[in-house]
Structure formats: structure tokens, C-alpha cells
Amino acid sequence: MQQAYDSMGWPTLQKILSYFGFSIFFSKLILECMLNPDFSILINGKPSNWIKAKCRFRQGCPLSPYLFILLFADDIIFFSEAKLKNMRTIKGIVKNYCGWTGQKVNISKSDMLFGKAVSRLKRRKIRDILEFKEMKEFNYLGTKLALKRMFKSYFQFILDKILKKLNNRGIKFISLEGRITLVKHVILSIPSYQTIVSLVPKAVLQEVEKICQNFIWDKSNVDHSLHYVCLKKLCDPVELGGRGIHSCLNKMGPLRAKLAWKYMKEEDSLLHKFLFPK
Numbered sequence: 000m001q002q003a004y005d006s007m008g009w010p011t012l013q014k015i016l017s018y019f020g021f022s023i024f025f026s027k028l029i030l031e032c033m034l035n036p037d038f039s040i041l042i043n044g045k046p047s048n049w050i051k052a053k054c055r056f057r058q059g060c061p062l063s064p065y066l067f068i069l070l071f072a073d074d075i076i077f078f079s080e081a082k083l084k085n086m087r088t089i090k091g092i093v094k095n096y097c098g099w100t101g102q103k104v105n106i107s108k109s110d111m112l113f114g115k116a117v118s119r120l121k122r123r124k125i126r127d128i129l130e131f132k133e134m135k136e137f138n139y140l141g142t143k144l145a146l147k148r149m150f151k152s153y154f155q156f157i158l159d160k161i162l163k164k165l166n167n168r169g170i171k172f173i174s175l176e177g178r179i180t181l182v183k184h185v186i187l188s189i190p191s192y193q194t195i196v197s198l199v200p201k202a203v204l205q206e207v208e209k210i211c212q213n214f215i216w217d218k219s220n221v222d223h224s225l226h227y228v229c230l231k232k233l234c235d236p237v238e239l240g241g242r243g244i245h246s247c248l249n250k251m252g253p254l255r256a257k258l259a260w261k262y263m264k265e266e267d268s269l270l271h272k273f274l275f276p277k
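Going by numbering that gives the first Met the number 0, the residue at position 274 of the sequence shown is 273; the numbering climbs one at a time, nothing skipped.
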């Protein structure tokens, strides 16, 4: 949406507050802070004359009321069959929402992703209706979504993030125990989220473990180092002589099994509804 705060319809906000059970007094108190506020500045402990606001509030202004903590912005994905009737329905719903709230759709930040079975002619007609641009892949909440096989290059950002942490100043002065702790609790937790929500290639996880192993046994050069103990031994429990490091490859199976369990047991989930017809 474009400038959600400046273009928000305040009567709509009042109705929403009432819908969620807030009292009329509280709703009016909130709106008074935003519609026609007056300010008085303390100068040497004494309030000045009232100053009437004319340019509205801007986020970040120290005089602004602390209402921004109530706001939350997120991306929204609509799933629909590639039918012109469905596209007109979606456009009508969004148009009604904009009419109620006074907001406007940000066309430059709105995109569409089509399935492989949708013809070029139908894609063009849908683009003309919604006026959104077509894209082949996109990122949603840090996860890449694409209608093709995921390659190692798609997850290069994981390796870049790890290398960025390991290239910070002072890292080379950390002791062996500190390096093991850093790898165990920080570095190996970076790819965990992506492994849960996406099918990260095995080659990426192998590269992560290789970087960690080189970092543990070298204080200056991560490319040429002597590994005194293999990473597999370090991943053993402390009781068995290891250091309790959790291997990315060993966690891959259980984390992916979580998705399979959700698909089989939660029939009302979006994952099941989307994959079951396939």
C-alpha cells in the first residue's frame, strides 16, 4: 500500500477499534492524538502557548504519539486460479478495501507469479486487468519462491551471511573454545530456518560445514588449515568425547519431516490444500 499512515481513513479506524471491543472514549482519545492535535512545549519548566499542528505527524518525529507500535506491515499473497473472473473478483475486493480505508495499492511493489500451464495470452489479459507486472520468482519473508528446481546459487545468501560474520574484526583472535561456541550457537543456526521452510540443496549444507570446519582449526587462513579432528567427531555428544555440535546434514531430515507431518496431519493447512490436488 502507498503511504498507509497519511492516507488512512480515520472513520474506518474508529470502526475497527469498536469492532475489537475498545470503548468509545478510548477510540476518541486515540483519534484526538492524530486528527487535530495541539502542542505545548515546556520551556524552563513552564508550558508555552498552544501550538496547533497543521502538517500532520511523520513517523520518527519526537512529538509524534507513540502509536506506531500498533502498526504492522507485511506482504500478502493471494492464491487463485488463472481465470479472468477470479482476477476481476480480487480487483473488486481490493478496490472496496481502498474505498473504505482511503489507501491506495502500490503498483510498483505488486507482482504476479503464474504457473507453467498458463498460456501467454491469458497472462497478458490478467496483467491488463490487475495492472501488475509478472515475475518468475520472488522472496517472501526471506524465502525464495520459484516454480522450478532450486539450485545452489539460489541459496548463496546463506553462505555470504556466514562468511560476513566470520570476516569481522577480532574473529581471528578468538580461542579454540570460542570458535567452537560461535559455530555451535551462531553459525550453524543461520541455515536452520531455510532448511525448515525450503528444500535447501545438500551441497549448500555441505559447504556450510566445510566453512565451519576450516574456521575452527585455523586462526588466520580459512583456506589452508590442518584439521586435527574431523567435524563428525566434533558433532558427537560431549559424553562420547565430542563437542555437541549439531550437523546441518543430520538436522536436514528431521526438519523436512516436520513439513511432511504437517501435510499429512493438518488437512486444513494451506500446505495441504495447495499440494493435495496436485
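Heads up, the beta-carbon is just placed ideally off N, CA and C, and yes, glycines get one too.
Between residue i and residue j, how many whole angstroms is the CB-CB distance? I'm expecting something under 8 Å.
{"i": "threonine 142", "j": "valine 196", "result": "5 Å"}
{"i": "lysine 51", "j": "aspartate 37", "result": "5 Å"}
{"i": "isoleucine 161", "j": "isoleucine 215", "result": "Incorrect: roughly 13 Å between the Cβ atoms, too far for contact."}
{"i": "isoleucine 186", "j": "lysine 151", "result": "Not a contact, Cβ separation roughly 18 Å."}
{"i": "glycine 243", "j": "lysine 232", "result": "Contact flag wrong, Cβ pair sits at about 12 Å."}
{"i": "leucine 248", "j": "lysine 201", "result": "7 Å"}
{"i": "tyrosine 139", "j": "isoleucine 76", "result": "7 Å"}
{"i": "alanine 81", "j": "valine 104", "result": "About 20 Å separates the two Cβ atoms, so there is no contact after all."}
Are there 16 or more other CB atoms within 10 angstroms of the CB of residue i, so buried, or fewer, so exposed?
{"i": "glutamine 229", "result": "Contrary to the premise, residue 229 reads as cysteine rather than glutamine in this sequence. Result: exposed."}
{"i": "threonine 194", "result": "buried"}
{"i": "proline 190", "result": "buried"}
{"i": "phenylalanine 172", "result": "exposed"}
{"i": "arginine 148", "result": "exposed"}
{"i": "arginine 178", "result": "buried"}
{"i": "valine 237", "result": "exposed"}
{"i": "isoleucine 157", "result": "buried"}
{"i": "leucine 129", "result": "buried"}
{"i": "tyrosine 65", "result": "Residue confidence for tyrosine 65 is low, a pLDDT of 46 falling below 50, so the modelled location carries little weight and cannot support an answer."}
Return the first residue and the last residue of the alpha helix (DSSP H) that residue i is part of.
{"i": "glutamate 208", "result": "201-216"}
{"i": "tyrosine 192", "result": "191-196"}
{"i": "glutamate 80", "result": "Per DSSP, glutamate 80 belongs to no alpha helix (DSSP H) and is neither H nor E."}
{"i": "asparagine 249", "result": "247-264"}
{"i": "glutamate 176", "result": "175-184"}
{"i": "glutamate 31", "result": "23-31"}
{"i": "phenylalanine 137", "result": "No alpha helix (DSSP H) contains phenylalanine 137, which is instead part of the beta strand (DSSP E) from 136-139."}
{"i": "aspartate 159", "result": "155-165"}
{"i": "lysine 232", "result": "230-233"}
In chain order, what residues of the same chain have a beta carbon less than 8 Å from the beta carbon of residue i, not counting five sequence neighbours either side?
{"i": "threonine 11", "result": "Trp99, Thr100, Gly101"}
{"i": "serine 79", "result": "Asn85, Met86, Ile89"}
{"i": "glutamate 133", "result": "Asp110, Met111, Leu112, Phe113, Arg122, Arg126"}
{"i": "tryptophan 9", "result": "Leu30, Met33, Leu34"}
{"i": "histidine 245", "result": "Lys183, Leu187, Cys234"}
{"i": "serine 17", "result": "Ile23, Ser26"}
{"i": "aspartate 74", "result": "Tyr139, Leu140"}
Leaving out five residues on either side along the sequence, give the residues of the same chain with a beta carbon under 7 Å from the beta carbon of residue i.
{"i": "leucine 269", "result": "none"}
{"i": "methionine 251", "result": "Thr194, Leu204"}
{"i": "serine 47", "result": "Ser39, Ile40"}
{"i": "lysine 124", "result": "Leu83"}
Using a Cβ-Cβ cut-off of 6 Å (strictly less than) and excluding sequence neighbours within five positions of residue i, which residues of its own chain qualify?
{"i": "tryptophan 49", "result": "Asp37, Ser39"}
In the DSSP assignment, the beta strand (DSSP E) including residue i goes from what residue to what residue?
{"i": "glutamate 130", "result": "Counting along the chain, glutamate 130 falls outside any beta strand (DSSP E), and DSSP gives it neither H nor E."}
{"i": "tyrosine 18", "result": "Note, tyrosine 18: premise wrong, no beta strand (DSSP E); alpha helix (DSSP H) at 9-18."}
{"i": "phenylalanine 113", "result": "Taken as a continuous stretch (DSSP letters only), phenylalanine 113 belongs to no beta strand (DSSP E), as it is neither H nor E."}
Touching by the beta-carbon criterion (3+ pairs, under 8 Å), the stretch 252-272 and the stretch 201-216
no
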